[in-house]
Amino acid sequence: MTTLENPPLQKERGKPAMSERVKGERKLGIYLTLPSYVVMLLVTAYPLGYALVLSLYNFRLTDPEGRSFVGLRNYLVILTDPMWWNDFVTTLAITIVTVAVELVLGFWFAFVMLRIVRGRGPLRTAILIPYGIVTVVSAFIWRYAFAIDSGFVNQWLHLTDFDWFGGRWSAIVVICLSEIWKTTPFISLLLLAGLVQVPEDMQEAAKVDGATAWQRLRKVTLPNMKAAIMVALLFRTLDAWRIFDNPYVMTAGANNTETISFLAYRQNVTLVNLGMGSAVSVLLFLTVVAIAWIFIKVFKTDLSQVRGDQ
Amino acid sequence: MTKSTKWWTIAGIVIVIYSFVPLLWMISLAFKPPSDIVSGKPSFLPSSFTLDNFAQIFSQPLFTRALINSVGIAIIATVISVVIAMFAAYAIARLEFPGKKVLLSLALGIAMFPQAALVGPLFDMWRGLGIYDTWLGLIIPYLTFALPLSIWTMSAFFRQIPWEMEHAAQVDGATQWQAFRKVIVPLAAPGVFTTAILTFFFCWNDFLFAISLTSTDSARTVPAALAFFQGASYFESPVPYIMAASVIVTIPVVILVLIFQRRIVAGLTSGAVKG
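Protein sequences appear in the order of chains A and B.
When the letters of the first sequence are read in order and numbered with our numbering, they come out as residues 2 to 311.
When the letters of the second sequence are read in order and numbered with our numbering, they come out as residues 709 to 983.
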């Protein structure tokens with residue numbers, strides 16, 4: 002196989018001028034990917050630049066005449082406002098709790114999917130159902146389960162009329178539950194993909210050498226799927242950081258349960274305060290860049306596999 | 709050996725319960741008479757089953773229009789996204805060209821992009837362009853954010869296609885078109901189809917754009933409409949109606965999962981983390 006393919010390749014590389022075939026291939030590649038570039042940049046790059054400009058203005062849609070340049074004042078106002086930090090803490094808490102729980106739960110799901118002998122198909126079908134369910138629907142299901150009038154949870158836990166949505170942290174617990182239920186299947190499938198790559202003979206060798214199940218997990222399984230774990234963590238962390246649907250449906254941001262995405266939505270769409278809202282948008286974007294940077298530079302997450310580089 | 713097999717089976721049953729209990733709760737609420745909700749003695753199962761909630765929501769344009777919008781927008785966005793991604797995935801899997809890495813990195817960046825950061829500028833731009841509260845106004849952002857998923861999933865599938873079979877067929881006397889239609893299309897179809905399912909789920913699920921870029925029945929999708937069900941009726945609880953509508957939007961998901969479980973798992977795992 003390789004000997005058949007190699008000679009022409011070397012010939013191409015050795016030539017200083019590109020052959021017609023290579024040129025044509027490059028051209029076709031560019032043409033075929035052009036629509037993807039356009040579609041992906043159209044709705045992200047331009048609006049983001051627009052937000053960057055708007056964030057330097059005092060601008061309300063309800064008062065277009067009052068538009069004035071204020072420099073970085075919007076950012077200063079936001080970063081000194083307790084509301085931003087409140088939302089920041091809420092988002093951080095939801096992210097840490099959901100990602101931590103989902104990682105452990107997802108691992109367990111992945112192991113069960115890998116090891117189960119009977120009913121593998123039905124199990125995977127069951128796991129995919131929360132994945133496919135509309136997030137808003139999941140939010141309503143969990144909200145009504147914990148609500149005082151419609152819910153069964155208080156009855157089962159003998160809490161009579163405890164109002165889960167009346168307090169910040171109890172509301173966040175329910176938000177996290179809905180988020181965890183819906184997204185653990187996704188993380189478990191990513192982990193399963195990593196798990197199947199761990200060579201079975203290494204497991205066997207460790208077993209023969211007398212390693213316990215826990216030692217095998219820590220010394221053989223985990224190191225061999227580090228890339229898959231980090232990628233799953235990165236995706237889920239960013240996903241959780243952008244949480245919007247669950248808090249919207251459950252609390253509408255009441256009792257300090259507003260998240261950063263929610264703040265951006267409220268400032269921009271509800272209050273049509275586009276100057277301030279754009280500054281929130283830019284800050285939200287920067288926090289996402291920071292998280293991605295930490296994962297890639299500090300934790301050395303290898304994204305070449307995700308991107309599909311060969 | 710058999711003992712451990714048994715334990716894995718039990719663990720599997722626990723996971724199945726985990727998946728289905730919230731689903732059963734949704735179904736139970738959807739069939740409850742509204743009077744069950746305010747009874748003060750909530751129970752998991754309804755006191756009596758009623759189909760009135762479904763009749764009620766299907767008589768409201770708020771829901772029926774939203775359902776049409778959801779189906780139409782999700783299908784159009786899925787088809788366009790899959791076609792655009794098909795070109796890109798073919799190029800990525802088969803061709804050497806400049807900008808391949810840039811495209812894949814861009815797709816990764818878009819997948820991580822905080823969509824809420826865009827609702828402000830898009831809200832303003834769409835109003836200026838006159839596509840606020842239209843199908844097109846939702847289809848465009850859906851395309852943008854579904855595309856990375858479509859490109860990854862499909863290029864992962866396309867890489868596994870034995871493309872040299874096309875040549876083999878031509879050597880055996882098939883024309884180029886025949887070779888493509890009879891050999892490549894059947895091999896590529898499962899990947900394209902799986903990508904379409906995942907893309908459809910993505911569009912079907914969106915709430916943020918739907919609530920930000922629509923204001924009336926003309927483009928509002930079901931997830932956004934659900935938020936408006938509250939207070940739609942003044943004297944009765946809207947809970948059973950919202951859950952009945954939720955059951956309806958969950959049906960396509962369940963059907964697709966039941967039929968294509970194997971493919972969806974393959975698509976999710978091959979597209980995201982490649983071996």
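Virtual Cβ for every residue (Gly too), placed ideally from N, Cα, C.
field: Option in A:Val90, A:Thr222, A:Pro131 and A:Phe70 with minimal Cα separation from Ser727 (chain B)
entry: It is A:Pro131 whose Cα lies nearest to the Cα of Ser727 (chain B).
field: Backbone CA spacing between Pro730 (chain B) and Val955 (chain B) [nearest angstrom]
entry: Computed Cα separation, rounded: 12 Å.
message: Once DSSP output is grouped into helix, strand and coil, what is the label at Pro931 (chain B)?
response: Looking at Pro931 (chain B) - three-state DSSP - the assignment turns out to be helix.
query: Could you give the distance in angstroms between the alpha-carbon of Leu223 (chain A) and the alpha-carbon of Phe112 (chain A)?
result: Approximately 12 Å, taken between the alpha carbons.
Within 9 Å, strictly: CB atoms of Leu115 (chain A) and Ile972 (chain B): With a cutoff of 9 Å on beta-carbon distance, Leu115 (chain A) and Ile972 (chain B) are scored as not near each other.
- request: Excluding the 5 residues preceding and the 5 following Ala940 (chain B) in the sequence, name in chain order all residues of the same chain whose CB lies nearer than 6 Å to its CB.
  value: Note on Ala940 (chain B): pLDDT 47, under 50, position unreliable in the model; the coordinate value appears next. Pro946.
message: I need the boundaries of the beta strand (DSSP E) containing Gly67 (chain A), first residue and last residue.
response: Judged by DSSP secondary structure, Gly67 (chain A) falls within the beta strand (DSSP E) whose first and last residues are Asp64 to Phe70.
message: Output needed in chain order: residues of the region 189-218 of chain A with a Cβ under 7 Å from some Cβ in chain B.
response: Of all residues in the region 189-218 of chain A, Leu190, Leu191, Leu193, Ala194, Gly195 and Gln198 have a Cβ within less than 7 Å of some Cβ in chain B.
task: Check Phe60 (chain A) in the structure and name its three-state DSSP category.
output: Correct three-state label for Phe60 (chain A): strand.
field: Distance CB(Leu906 (chain B))-CB(Ile869 (chain B)) smaller than 9 Å
entry: Taking 9 Å as the Cβ cut-off, Leu906 (chain B) and Ile869 (chain B) do not qualify as a contacting pair.
field: Buried or exposed by the 16-neighbour rule on C-beta atoms within 10 Å, applied to Leu158 (chain A)
entry: Classification of Leu158 (chain A): exposed, given that the 10 Å Cβ count is below 16.
query: chain B partners of Arg119 (chain A), CB-CB under 7 Å?
result: Thr717, listed in chain order.
query: Within 9 Å (strictly less), CB to CB, does Ala940 (chain B) reach chain A?
result: The predicted position of Ala940 (chain B) is uncertain, since its pLDDT is 47 and thus under 50; no value can be drawn from it.
- prompt: Is Glu259 (chain A) helix, strand or coil by DSSP?
  reply: In this structure, DSSP gives Glu259 (chain A) a state outside helix and strand, which the three-state scheme calls coil.
field: Test: Phe739 (chain B) CB closer than 9 Å to a CB of chain A
entry: Output row for Phe739 (chain B): interface = no.
field: Alpha-carbon spacing of Asp303 (chain A) relative to Ser755 (chain B), whole angstroms
entry: Across the structure, Asp303 (chain A) and Ser755 (chain B) are spaced so that their CA atoms are roughly 54 Å apart.
DSSP three-state assignment for Leu235 (chain A), whether helix, strand or coil: In this structure, Leu235 (chain A) counts as helix in the three-state DSSP scheme.
- prompt: CA-CA distance, Leu921 (chain B) and Gly836 (chain B)?
  reply: Between the alpha carbons of Leu921 (chain B) and Gly836 (chain B) lies a gap of roughly 12 Å.
- prompt: By a C-beta neighbour count over all protein chains shown, 10 Å radius and 16 as the cutoff for buried, is Gln884 (chain B) buried or exposed?
  reply: The residue is exposed, with fewer than 16 neighbouring Cβ atoms inside 10 Å.
query: Looking at the structure shown, is Gly939 (chain B) part of a helix, part of a strand, or coil, going by DSSP?
result: With a pLDDT of 44 at Gly939 (chain B), under the threshold of 50, the predicted position of this residue should be treated as unreliable, though the coordinate-derived value follows. If DSSP states are grouped into helix, strand and coil, Gly939 (chain B) belongs with coil.
message: Tell me the rounded alpha-carbon separation between Glu205 (chain A) and Trp215 (chain A).
response: Rounded to whole angstroms, the gap between the alpha carbons of Glu205 (chain A) and Trp215 (chain A) is 14 Å.
query: Can at least three beta-carbon pairs, one atom from the region 68-78 of chain A and one from the region 852-859 of chain B, be found at a separation below 8 Å?
result: Proximity of the region 68-78 of chain A to the region 852-859 of chain B falls short of the contact definition, fewer than three beta-carbon pairs being nearer than 8 Å.
message: Would Lys890 (chain B) and Ala882 (chain B) qualify as a contact pair, given that the criterion is a beta-carbon distance under 9 Å?
response: With contacts defined by Cβ atoms closer than 9 Å, Lys890 (chain B) and Ala882 (chain B) form a contacting pair.
message: Can you pull the chain A neighbours of Thr713 (chain B), defined as C-beta to C-beta under 7 Å?
response: Those within 7 Å of Thr713 (chain B) in chain A are Val118.
- prompt: Between Pro960 (chain B) and Arg22 (chain A), what straight-line distance do the alpha-carbon atoms span, to the nearest angstrom?
  reply: Cα to Cα, the separation comes out at about 46 Å.
9 Å Cβ cutoff, Ile142 (chain A) in contact with chain B: Using beta-carbon distances, Ile142 (chain A) counts as an interface residue toward chain B, with a partner under 9 Å.
- prompt: If we ignore side chains and look at the alpha-carbon of each, how far apart do Ala172 (chain A) and Met277 (chain A) end up?
  reply: Taking C-alpha positions only, Ala172 (chain A) is separated from Met277 (chain A) by approximately 27 Å.
Length of the line joining the Cα atoms of Val44 (chain A) and Ala825 (chain B): The alpha-carbon atoms of Val44 (chain A) and Ala825 (chain B) are separated by roughly 11 Å.
message: Can you pull out the residues from the region 125-138 of chain A whose beta carbon lies closer than 7 Å to at least one beta carbon of chain B?
response: Those would be Arg125, Thr126, Ala127, Ile128, Leu129, Ile130, Pro131, Gly133, Ile134, Val135, Thr136, Val137 and Val138, in chain order.
- prompt: What residues in the region 18-37 of chain A bring their beta carbon closer than 7 Å to a beta carbon of chain B?
  reply: For the region 18-37 of chain A, residues whose beta-carbon sits nearer than 7 Å to a beta-carbon of chain B comprise Glu26, Arg27, Leu29, Gly30, Ile31, Leu33, Thr34, Pro36 and Ser37.
- prompt: Ordered along the chain, which non-local residues of its own chain (more than five positions away) have a Cβ less than 7 Å from that of Phe300 (chain A)?
  reply: For Phe300 (chain A), where only same-chain residues beyond five positions count, the Cβ hits under 7 Å are Met231.
query: From Ile295 (chain A) to Thr786 (chain B), what distance separates their C-alpha atoms?
result: Cα to Cα, Ile295 (chain A) sits roughly 33 Å from Thr786 (chain B).
- prompt: For the putative contact between Ala933 (chain B) and Leu770 (chain B), defined by C-beta atoms under 8 Å, what is the C-beta separation to the nearest angstrom?
  reply: Yes, they are in contact, since the Cβ atoms of Ala933 (chain B) and Leu770 (chain B) sit about 6 Å apart, within 8 Å.
field: Top-ranked residue by Cα proximity to Ala953 (chain B), from B:Ser751, B:Leu753 and B:Gln764
entry: It is B:Gln764.
- prompt: Got a sec: does the ligand NAP put a non-hydrogen atom nearer than 8 Å to the Cβ of Val957 (chain B)?
  reply: This structure lacks the ligand NAP; in fact it carries no ligand of any kind.
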